[in-house]
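Chemist: Could you have a look at this structure, given as structure tokens, before my questions?
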Amino acid sequence: MSSVLNAINLRKYFRITTGLLGGRKYVRAVDGVTLDLLEGEVLALVGESGSGKSTLGRILVGLQRPDEGEVLYRGINIYSSGNSVSKKLRHRIQAVFQNPDSSLNPRMQIYDILKEAVLTRNPSLSDREVIEEIIKLLRSVGLVEDHIFKYPHELSGGEKQRIAIARALAVAPEVLIADEVVSALDISVRAQVMNVLMDVKEKYKLSMVFITHDMGLVWSISDRVAVMYLGKLVELGPTEEIFKEPLHPYTKMLLVSSPAAASATASKDLRFRARGEPPSPINPPKGCKFITRCPIAGSECSITEPELMEISRDRMVSCLKVLKI
Amino acid sequence: MGEKVLEVISLRVYYDLPQGTVRAVDDVSLDVRRREVIGIAGESGSGKSTLALAITGLLRPPAKVVSGKVLFNGVDILRLSEDELRRIRGRKIGVIFQDPNTYLNPIYTSGFQVAEVFEAHRGIHAKKYLNEVVKLFRLVKIADPERRVYAYPHQLSGGMKQRVLISMAIAERPDLIVADEPTSALDVTIQSEIMDLLAEIREETNTSIVMITHDLALLFEVADRVAIMYAGKLVELGRASDLIKDPLHPYTKALLSILRYERKKKLTSIPGSIPSLINPPPGCRFHPRCPYAFSKCSKIEPKAVNIDGRLVACHLVGGSE
Ligand SMILES: Nc1ncnc2c1ncn2[C@@H]1O[C@H](COP(=O)(O)OP(=O)(O)OP(=O)(O)O)[C@@H](O)[C@H]1O
Ligand SMILES: Nc1ncnc2c1ncn2[C@@H]1O[C@H](COP(=O)(O)OP(=O)(O)OP(=O)(O)O)[C@@H](O)[C@H]1O
Ligand SMILES: [Mg+2]
Ligand SMILES: [Mg+2]
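For the record, the sequence lines run as chains A and B.
Counted from 1, the first sequence has number 314 at position 314 by the working numbering; the numbering is strictly sequential.
To convert, take the position in the second sequence, counting from 1, and add 325; that gives the working numbering.
Below, the structure written as structure tokens:
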């Protein structure tokens, strides 16, 4: 299968203020990530809070220039032209972000927000057709017309989230980066919106990076799973294989503590219940970054940092313990 | 059972908009006892956050309280001045909001904002409390707390901001914590640690918790009693263990019957569309989507009836009115 996006060795460090402690410190938000998004696939991106998922997402859509590395969209470097991505590319790659408040213009009514998106795809529509299109969009994400002339702050959390989704879908992009897009929805509306998303994906051959904490959803919709920990990919592979046999201890921990995934996963090893302190992304531990929480770490793990290695077809993992077996 | 910390009595909160009146919370009654965890779930847009704002005295125009009371330790929150509310909020009532960005000020560091909770209540310069804040950050599992107190909100990930709000809410060990989707941006491992932390605080200080979440597994795990909302109405309220075993309201039934996700299958949702809150359906608001609806349901609004301590608003339950 060919790929739509190639992320090559991406690095993004944020300089931070450290108050009295002083000195120049960096948060290694994304620390050497290489990843392909295949044509038509749903790639689930999971990982600990603060592990760099949103930052990676922003880099992939062209909103956050990486310090190092490049993002190729069908072979074109999206950061090559000056500071921002060309307008044309921007429409092909759409994003729905974790926090809809920061992406919905507070001064625009829902009507104007969606109109802009609808006209991007089809500039020749009449006013009447635009309204019809907007109503269709609202309905598809389970919203009534009541909301058309509201401002974003006049909507509930889940309603805002759905407006952001409707707007992205209106543009009919080729690539969609979806960052926690259904986390504020009840399970019924969540199902409805996911079904719409998957229909659109089939119809327009959309490729999708789906960032989520909901392992049940990952199981349901994704083709592959990428697991991040402290700025790095620690495991990557086909969804079914990862749920059947997670390899990295952090992946195991995620699956063991997730009730939604419990029925799907074979990994019931209680050693992998959540434990330990989250490590500092500013002064990450030496060797393997997962060492502070890992139930199976050995002495070698505090010395050598494991690299992401291919261990079988399509499966990659970075763990010394796994590689040794 | 402990005494009532919070009593919401026949509360109606509407939003007045040019296009009509949104009946977001429409005659809701609920009480919370000391040490009790009340879970609230329900459809997106059904009025859960509006209820939380009312309880914490944070409603702003165009919201207006049409009727009802919110008694906190016997005092009506809805009648207090802004000053009186500020003294209660933070110290007596901790609040965790659904959307951290609205409540974190972008121009102050996160640590400063948490320290202000102390300052507001103790009248001393916030800086003195930075050490306390570091401790709080450590409690909510923010890595590198000594440095993170200096981070501005935009420098934090979604889940970290959520935890900053949690640390603010627990800072003063309040009598009541109102938590609106407190863990939606957290991965499962941190989520379970946060829930353990809230449980500990409750043990220590007999805190009551009102928790709003869409995560039903979590809800039924932590809540003593569960309230289900639909289109501005509280449709069912009862002990978590009863509700999950034997849901009585058809909306609760439908919600709880949504199965675990299956691989690459269409996800199941409740058929029909979400009602308008400007022109809600007459009679029972769920009747257009209810598989058991009969003629009465579209004409007469069902009153909540009490069945062995469980409240249900449905014509099918409890027989006559
Ligand atoms: N603008 C910024 N300045 C400084 N640090 C930042 C900035 N943006 C993100 N970070 C830091 O980078 C790290 C990764 O953040 P990111 O938002 O990508 O995490 P995430 O995986 O999306 O987390 P979550 O699941 O909580 O949303 C965090 O430690 C965060 O504090
Ligand atoms: N400031 C406002 N002005 C006008 N209408 C509003 C305002 N805030 C909320 N609403 C409307 O009131 C209703 C209830 O909103 P609320 O935020 O209480 O829902 P919720 O149950 O918390 O939903 P969610 O699960 O999506 O967060 C919704 O229909 C919403 O559109
Ligand atoms: Mg994020
Ligand atoms: Mg809400």
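For every residue, glycine included, the Cβ atom is placed at its ideal position computed from N, Cα and C.
Only a predicted model underlies this, so the values are computations on that prediction, with no experimental measurement involved.
1) Within the structure, which residues are defined as neighbours of ligand 1 by a Cβ-heavy atom distance below 5 Å, reported in chain order?
2) Output the distance between the C-alpha atoms of V343(B) and P279(A), rounded to the nearest integer angstrom.
3) Cutting at 8 Å between CB atoms, please list the residues of its own chain near Q94(A), excluding the five before and the five after it.
4) For the region 36 to 53 of chain A, which residues have a CB atom closer than 9 Å to at least one CB atom of chain B, in sequence order?
5) On the CB-based measure, 16 or more other CB atoms within 10 Å of its CB, does Y26(A) come out buried or exposed?
6) Is D512(B) a contact residue of ligand 4, with contact defined as CB to any heavy atom under 7 Å?
7) I'd like to check one pair, G32(A) with N9(A): are the Cβ atoms closer than 8 Å?
8) For ligand 2, which residues have a Cβ under 5 Å from at least one heavy atom, in chain order?
9) Per DSSP, what are the beta-bridge partners of G47(A) in this structure?
10) Report the rounded CA-to-CA distance for V630(B) versus R337(B), giving the unit in angstroms.
11) How many angstroms separate the CA atom of P613(B) from the CA atom of S598(B)?
12) Within 8 Å of any Cβ in chain A, is that where the Cβ of A548(B) sits?
13) Out of L308(A), N99(A) and R315(A), state which residue places its alpha-carbon closest to the alpha-carbon of F243(A).
14) Would you tell me roughly how many angstroms separate the C-alpha atoms of G372(B) and V353(B), rounded to the nearest one?
15) Going by DSSP in three states, F14(A) sits in which element: helix, strand or coil?
16) In the region 452 to 470 of chain B, which residues sit with their C-beta less than 7 Å from some C-beta in chain A, listed in chain order?
17) In chain order, what residues of the same chain have a beta carbon less than 7 Å from the beta carbon of Y475(B), not counting five sequence neighbours either side?
18) Beta-carbon separation of I187(A) and I583(B) under 8 Å?
19) Got a sec, what are the start and stop residues for the beta strand (DSSP E) I595(B) sits in?
20) Which same chain residues end up closer than 6 Å to A504(B) when comparing Cβ atoms and leaving out the 5 residues on each side of it in sequence?
21) If you drop the 5 nearest sequence neighbours on each side, which residues of the same chain put their C-beta closer than 7 Å to that of R162(A)?
22) Give me the subset of the region 568 to 592 of chain B whose CB atoms are less than 9 Å from a CB atom of chain A, sorted by chain position.
23) Out of curiosity, what's the CA-to-CA distance linking G327(B) and L378(B)?
24) Considering only the alpha carbon of each residue, which of W219(A), L56(A), F97(A) and S258(A) lies closest to L543(B)?
25) In chain order, what residues of the same chain lie with their CB nearer than 6 Å to the CB of L45(A), ignoring the 5 residues before and after it?
26) Please name the residue in R550(B), T508(B) and L501(B) whose C-alpha comes closest to that of T530(B).
27) Using only the alpha-carbon positions, how far apart do D408(B) and E332(B) sit?
28) With 7 Å as the limit, tell me which residues of the region 501 to 517 of chain B have their beta carbon closer than that to any beta carbon of chain A; keep them in chain order.
29) Does P607(B) pass the burial test, meaning 16 or more other C-beta atoms within 10 Å, or should it be called exposed?
30) Kindly confirm or deny that the region 539 to 553 of chain B and the region 586 to 597 of chain B touch, where touching means at least three C-beta pairs closer than 8 Å.
31) Taking only beta-carbon atoms, is T427(B) less than 8 Å away from chain A?
32) How many angstroms separate the CA atom of S645(B) from the CA atom of C639(B)?
33) Name the DSSP bridge partner or partners of F437(B)?
34) Could you work out which residues of chain B lie near N195(A), taking near to mean beta carbons separated by less than 8 Å?
35) To the nearest angstrom, how far is the alpha carbon of R463(B) from that of R121(A)?
36) Where does S312(A) sit, in a helix, a strand or coil, going by DSSP?
Modeler: In terms of the structure at hand:
1) F14(A), V27(A), A29(A), S49(A), G50(A), S51(A), G52(A), K53(A), S54(A), T55(A), P281(A), Q480(B), L481(B), S482(B), G483(B) and G484(B)
2) The sequence given here has Pro at residue 343(B), not Val. Going by the C-alpha atoms only, they are around 51 Å apart.
3) V61, A168, V171, P173, V175, L176 and I177
4) V46, G47, E48, S49, G50, S51, G52 and K53
5) exposed
6) no
7) yes
8) E154(A), L155(A), S156(A), G157(A), G158(A), Y340(B), V347(B), A349(B), S369(B), G370(B), S371(B), G372(B), K373(B), S374(B), T375(B) and L602(B)
9) M228(A)
10) 19 Å
11) 9 Å
12) no
13) R315(A)
14) 10 Å
15) strand
16) K466, A468 and D469
17) T434 and G436
18) yes
19) Note, I595(B): premise wrong, no beta strand (DSSP E); not H, not E.
20) I421 and M536
21) V141, G142, L143 and V193
22) A579, L580, I583, R585, Y586, E587, R588, K589, K590, K591 and L592
23) 24 Å
24) S258(A)
25) K53, V209, I211 and A226
26) L501(B)
27) 22 Å
28) E506, S509, A510, L511, D512, V513, T514, I515 and S517
29) exposed
30) no
31) yes
32) Interpretation of S645(B) is limited by its pLDDT of 46, a score under 50 that renders its predicted location unreliable; the figure taken from the coordinates is listed afterwards. Rounded to whole angstroms, S645(B) to C639(B) spans 11 Å at the Cα level.
33) Paired residue(s): none; F437(B) is not in a bridge.
34) K591, L592 and S594
35) 48 Å
36) strand
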